[in-house]
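With this note's numbering as the guide, the letters of the sequence shown map in order to residues 286 to 375. Have a look at the structure below before the remarks.
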Amino acid sequence: MKRRSSALVLAAALSIGTLGAVAAPAEAATTYKNCTELNKVYKHGVGLPGARDKVRGKTKPVTNFTKNKAVYNANKKSDRDKDGIACEKR
286 MKRRSSALVL
296 AAALSIGTLG
306 AVAAPAEAAT
316 TYKNCTELNK
326 VYKHGVGLPG
336 ARDKVRGKTK
346 PVTNFTKNKA
356 VYNANKKSDR
366 DKDGIACEKR
């Protein structure tokens, strides 16, 4: 019986902890003036999860950009080639 009540207390504690994490408000995404400003914070650009860099010829695509949907959407104007990555930089 003691073992079962300990498990219930642990389960309740875990569920309360996860609810607190979910209820935290999301931070507003920053809109940057241009790619120079964005690249100071996100060195290789910022893109949507699953985005792939468009390249021509033998150039290798950028794969180490930050994946963040909110920041990308706030700076979508800086994605000139419309590949889902804003201000990609090698």
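Even glycine gets a Cβ: it sits at the ideal position worked out from N, Cα and C.
**Study point:** Contact between the region 360 to 367 and the region 342 to 351 (3+ Cβ pairs under 8 Å)
**Key:** no
Exercise for review: Quick one: using the 10 Å Cβ neighbour count with 16 as the cut-off for buried, is N358 buried or exposed?
Suggested key: exposed
Exercise for review: For G330, count neighbouring Cβ atoms within 10 angstroms of its own Cβ and tell me buried if that reaches 16, exposed if not.
Suggested key: buried
Exercise for review: For T316, I'd like the list of residues in its chain whose CB is within less than 8 Å of its CB, leaving aside the five on either flank, ordered along the chain.
Suggested key: A359, N360
Check your understanding: Which word fits V347, buried or exposed, when buried means at least 16 other C-beta atoms lie within 10 angstroms of its C-beta?
Key -> buried
**Study point:** Delimiting residues of the alpha helix (DSSP H) encompassing A313
**Key:** Judged by DSSP secondary structure, A313 falls outside any alpha helix (DSSP H); it is assigned neither H nor E.
Review point. If N324 and K374 are in contact, beta carbons under 8 Å, what's the gap, nearest whole angstrom?
Key: 6 Å
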